[in-house]
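K.L.:
This note's numbering numbers the first residue of the sequence shown as 1084 and each following residue consecutively.
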Amino acid sequence: MLNRITIENLVIVRSLDLQLDAGMTALTGETGAGKSILIDALGLVLGDKADSAMIRAGADRAEVSVAFDLQGDSPVHEWLAGHDLDADGECLMRRVLVRDGRSRAYINGTPSTQALLAEVGEMLVDIHGQHAHQSLMRAASQRELLDEYGGLRDSTHEIARRYRTWRDAVDRHKALTDAAADRAGRIDYLRFQLGEMEGMVPSVDELADLGAEHDRLAHAERLLGESTAVLELLSESDQSLQQSLQHAIHTIDELSTIDGTLNETLDLLNTADIQLSEAASALRHYQHRVDLDPERLHEIDQRLGGIHDLARKHRVEPASLGELYQRLGEELQTLEQADTNLAALEREVVEHERHFRDAAAALGRARRHAAQKLSRTVTDSMQTLGMQGGAFRVEVTADPQRCGTHGCDRVCFRVAANPGQPEAALIDVASGGELSRISLAIQVATAGCGSVPTLIFDEVDVGIGGAVAEIVGQLMRDLGRQRQVLCVTHLPQVASQAHQQLAVQKSSDGRSTETRVTVLDAQARIDEIARMLGGVSITEQTRRHAGEMIEQAQRAG
1084 MLNRITIENL
1094 VIVRSLDLQL
1104 DAGMTALTGE
1114 TGAGKSILID
1124 ALGLVLGDKA
1134 DSAMIRAGAD
1144 RAEVSVAFDL
1154 QGDSPVHEWL
1164 AGHDLDADGE
1174 CLMRRVLVRD
1184 GRSRAYINGT
1194 PSTQALLAEV
1204 GEMLVDIHGQ
1214 HAHQSLMRAA
1224 SQRELLDEYG
1234 GLRDSTHEIA
1244 RRYRTWRDAV
1254 DRHKALTDAA
1264 ADRAGRIDYL
1274 RFQLGEMEGM
1284 VPSVDELADL
1294 GAEHDRLAHA
1304 ERLLGESTAV
1314 LELLSESDQS
1324 LQQSLQHAIH
1334 TIDELSTIDG
1344 TLNETLDLLN
1354 TADIQLSEAA
1364 SALRHYQHRV
1374 DLDPERLHEI
1384 DQRLGGIHDL
1394 ARKHRVEPAS
1404 LGELYQRLGE
1414 ELQTLEQADT
1424 NLAALEREVV
1434 EHERHFRDAA
1444 AALGRARRHA
1454 AQKLSRTVTD
1464 SMQTLGMQGG
1474 AFRVEVTADP
1484 QRCGTHGCDR
1494 VCFRVAANPG
1504 QPEAALIDVA
1514 SGGELSRISL
1524 AIQVATAGCG
1534 SVPTLIFDEV
1544 DVGIGGAVAE
1554 IVGQLMRDLG
1564 RQRQVLCVTH
1574 LPQVASQAHQ
1584 QLAVQKSSDG
1594 RSTETRVTVL
1604 DAQARIDEIA
1614 RMLGGVSITE
1624 QTRRHAGEMI
1634 EQAQRAG
């Protein structure tokens, strides 16, 4: 339930900190005092759109905070845990508005979003406004209300999922069918392209290998000529490096017998002689491997030229031809399998449609069962609300040709407001008073069926009075035994039924206007009910009457 609401600088509220009780709480006050500001503030913290115009004049920001005490079986526990926002049985929500139009949201002290406030808010508070009968004119609203009453939310989510799955398969099948003509031309084009590329696409290392071989063959004469000259310099001429080195070795060898410190030099010269011999041997082997092969060079030129021409044609790098070839091949394979895919999609469409229609039929049966129960409940409420002999019926009609995410049912609220009067759709009920009472009967009937712990009725009793108003108050008090009920009302018959009463008052010092909300004690409550009964002049008689009304409600429980 809603334990506390704190408001700072919102519209004409400077500062407000309210503790709320369980049961039924009535908000009363003069017209224009600002009773609905409290409802607007709750709407903000429950995810309504923010407007910087709501910030009190002269203030830079406005803030609304609420605290909810969660029961052990509340689904909000699981929701908070799933969003890492768990807080030991409490849900704290805060909304901050600033002048530049931005707003900030918090849940249990953690920055959040407007969407998340709205999502968790739907599980905590259900607001019934004074214009609810206007939304009840819409067929979609009637269907949604019936689904809520019947506890069919999970079923409606599932039917929406199945419908979207079915229609997605239909769309994919249509796209594949529409593309049939284009597909044939594309297949011919891909086959031509792949045929042209066949044998021309280089393997992973082929480009590098061909490039290296091309360089060797193109420079073979130079490689042979200059390597021969180096070989002669090393070992194959009369004055080769090897002969000079061997002469030096011989000389140092003789000198080392005189001075042994030259042995190290001798070792180094011997090592150099060995390495020189190995270098000469390696050059001889290299010369045997170098070929003068103009035919092979021409062949490589042709191969590389063809690869580069193909790459230019397809506007890719030569190294990317393999990837392109694979991609075109995969596309061709997919298109050639299209007939197989089309047949598979046809089977998929049939299967998903069957799943959807089976679920839609089951949902329709559940709706008709809930419709019978809601019809009886609202009809009973109409009798107590001064519409004796009136009847209410929820008509659920299957329409297999007009299915959607909601299923295949048309839901229509039908009413006979008076005995003997023919039944008509709710939208055709002419009397505003009748509409208000029927709407109230529907709201009271459906309010008690959900799991939302806090119900708010914002002047839903407009257009009624007298004994009917007292019955409305009793109905709300009865609801207050199961849920927390907040009711904004102008009627003393309704307010007197409340377990707690808040008085909303507006004051002005000529420079600014401010709204205050006061929790009324027993005597103040009698005075407020008396004001509602008697207007400006309050007599002892109206006070006694007010006290009797409150006492009578308390005796009834």
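Think of the CB as a built atom: it goes at the ideal place given N, C-alpha and C, for glycine as much as any other residue.
For residue 1496, which beta-bridge partners are listed by DSSP?
P.N.:
In the sequence shown, counting from the first residue as 1, residue 1496 sits at position 413. 1477.
K.L.:
Specify, as a first and last residue, the run of the alpha helix (DSSP H) that residue 1242 falls within.
P.N.:
If you number the sequence shown from 1, residue 1242 lands on position 159. Secondary structure note for residue 1242: its alpha helix (DSSP H) is the uninterrupted segment 1236 to 1261.
K.L.:
Candidates 1205, 1193 and 1233: which alpha carbon is nearest residue 1528's?
P.N.:
By 1-based counting over the sequence shown, the position of residue 1528 is 445. Of the candidates 1205, 1193 and 1233, the one whose C-alpha sits nearest the C-alpha of residue 1528 is 1233.
K.L.:
Among the residues of its own chain, which have a CB less than 7 Å from the CB of residue 1331, if the five just before and after it don't count?
P.N.:
Locating residue 1331 in the sequence shown gives position 248, counting from the first residue. Cβ neighbours of residue 1331 beyond the five flanking positions: 1352.
K.L.:
Using the three-state DSSP reduction, which class does residue 1209 fall into: helix, strand or coil?
P.N.:
As a position in the sequence shown, residue 1209 is number 126, starting the count at 1. Looking at residue 1209 - three-state DSSP - the assignment turns out to be strand.
K.L.:
Do residue 1089 and residue 1149 have their C-beta atoms closer together than 9 Å?
P.N.:
Working through the sequence shown from its first residue, we reach residue 1089 at position 6. Working through the sequence shown from its first residue, we reach residue 1149 at position 66. Taking C-beta atoms as the reference points, residue 1089 and residue 1149 count as a pair closer than 9 Å.
K.L.:
Please report the straight-line C-alpha distance between residue 1100 and residue 1136, rounded to a whole angstrom.
P.N.:
To locate residue 1100, count along the sequence shown from 1; it is residue 17. To locate residue 1136, count along the sequence shown from 1; it is residue 53. Each residue's Cα considered, the two are about 22 Å apart.
K.L.:
Taking only the alpha-carbon atoms, compute the straight-line gap between residue 1407 and residue 1244 and give it to the nearest angstrom.
P.N.:
Taking the first residue of the sequence shown as position 1, residue 1407 is located at position 324. Taking the first residue of the sequence shown as position 1, residue 1244 is located at position 161. Rounded to whole angstroms, residue 1407 to residue 1244 spans 39 Å at the Cα level.
K.L.:
Would residue 1095 and residue 1596 be called neighbours here (beta carbons separated by less than 9 Å)?
P.N.:
Position 12 of the sequence shown, counted from the start, is the residue given in the question as residue 1095. Position 513 of the sequence shown, counted from the start, is the residue given in the question as residue 1596. Contact flag set, yes.
K.L.:
Count the C-beta pairs between the region 1217 to 1227 and the region 1436 to 1449 that are closer than 8 Å, then say yes if the count reaches three, no if not.
P.N.:
no
K.L.:
Note down the Cα distance separating residue 1565 from residue 1424, rounded to an integer number of angstroms.
P.N.:
The residue you call residue 1565 lines up with position 482 of the sequence shown. The residue you call residue 1424 lines up with position 341 of the sequence shown. The alpha-carbon atoms of residue 1565 and residue 1424 are separated by roughly 57 Å.
K.L.:
Quick one: give me the first and last residue of the alpha helix (DSSP H) that residue 1102 is part of.
P.N.:
Position 19 of the sequence shown, counting from 1, holds the residue named residue 1102. Careful: residue 1102 lies outside any alpha helix (DSSP H), inside the beta strand (DSSP E) at 1096 to 1102.
K.L.:
Where does residue 1579 land, buried or exposed, given buried means 16+ other C-beta within 10 angstroms?
P.N.:
As a working mapping, residue 1579 is identified with position 496 in the sequence shown. So residue 1579 ends up on the buried side.
K.L.:
Take residue 1124 and list the residues in its own chain whose beta-carbon comes closer than 8 Å to its own, dropping the five residues that flank it on each side.
P.N.:
As a working mapping, residue 1124 is identified with position 41 in the sequence shown. Taken in chain order, the residues that qualify are 1088, 1090, 1093, 1096 and 1147.
K.L.:
Put residue 1412 into one of helix, strand or coil per three-state DSSP.
P.N.:
For the purposes of this step, residue 1412 is taken as the residue at position 329 of the sequence shown. Here residue 1412 sits in helix by DSSP.
K.L.:
For the candidate residues 1181, 1465 and 1350, whose alpha-carbon lies nearest to that of residue 1133?
P.N.:
Stepping through the sequence shown from its first residue, residue 1133 is reached at position 50. Residue 1181 holds the alpha-carbon nearest to the alpha-carbon of residue 1133 among 1181, 1465 and 1350.
K.L.:
With DSSP collapsed to three states, give me the class of residue 1322.
P.N.:
Counted from its first residue, the sequence shown places residue 1322 at position 239. If DSSP states are grouped into helix, strand and coil, residue 1322 belongs with coil.
K.L.:
Ordered along the chain, which non-local residues of its own chain (more than five positions away) have a Cβ less than 7 Å from that of residue 1329?
P.N.:
The residue labelled residue 1329 in the question sits at position 246 within the sequence shown. 1356.
K.L.:
Can you name the start and end residues of the beta strand (DSSP E) that residue 1220 belongs to?
P.N.:
Here the question's residue 1220 lines up with position 137 in the sequence shown. Careful: residue 1220 lies outside any beta strand (DSSP E) and carries neither H nor E.
K.L.:
Mind checking which residues open and close the alpha helix (DSSP H) that includes residue 1467?
P.N.:
Here residue 1467 refers to the residue found at position 384 when the sequence shown is read from its first residue. From DSSP, the alpha helix (DSSP H) with residue 1467 extends over 1421 to 1467.
K.L.:
Return the first residue and the last residue of the beta strand (DSSP E) that residue 1194 is part of.
P.N.:
In the sequence shown, counting from the first residue as 1, residue 1194 sits at position 111. Per DSSP, residue 1194 belongs to the beta strand (DSSP E) from 1193 to 1195.
K.L.:
From residue 1470 to residue 1504, what does the alpha carbon distance come to, in whole angstroms?
P.N.:
What you label residue 1470 is simply residue 387 of the sequence shown in a count that begins at 1. What you label residue 1504 is simply residue 421 of the sequence shown in a count that begins at 1. Rounded to the nearest angstrom, the two C-alpha atoms are 12 Å apart.
K.L.:
If you compare alpha carbons, which of 1110, 1283 and 1635 is closest to residue 1404?
P.N.:
Counting from 1 along the sequence shown, the entry for residue 1404 is found at position 321. Here the closest residue by C-alpha is 1283.
K.L.:
Leaving aside the five residues before and after residue 1458 along the sequence, list all residues of the same chain whose C-beta is less than 7 Å from its C-beta, in chain order.
P.N.:
Looking up residue 1458 in the sequence shown gives position 375. Closer than 7 Å at Cβ, skipping near neighbours: 1475, 1476 and 1477.
K.L.:
Which same chain residues end up closer than 7 Å to residue 1552 when comparing Cβ atoms and leaving out the 5 residues on each side of it in sequence?
P.N.:
Within the sequence shown, numbered from 1, the residue matching residue 1552 stands at position 469. Excluding sequence neighbours, residue 1552 sits near 1544, 1574, 1576 and 1577.
K.L.:
Can you grab the Cα-Cα spacing for the pair residue 1446 / residue 1171, in whole Å?
P.N.:
Position 363 of the sequence shown, counted from the start, is the residue given in the question as residue 1446. Position 88 of the sequence shown, counted from the start, is the residue given in the question as residue 1171. Taking the straight line joining both Cα atoms gives about 37 Å.
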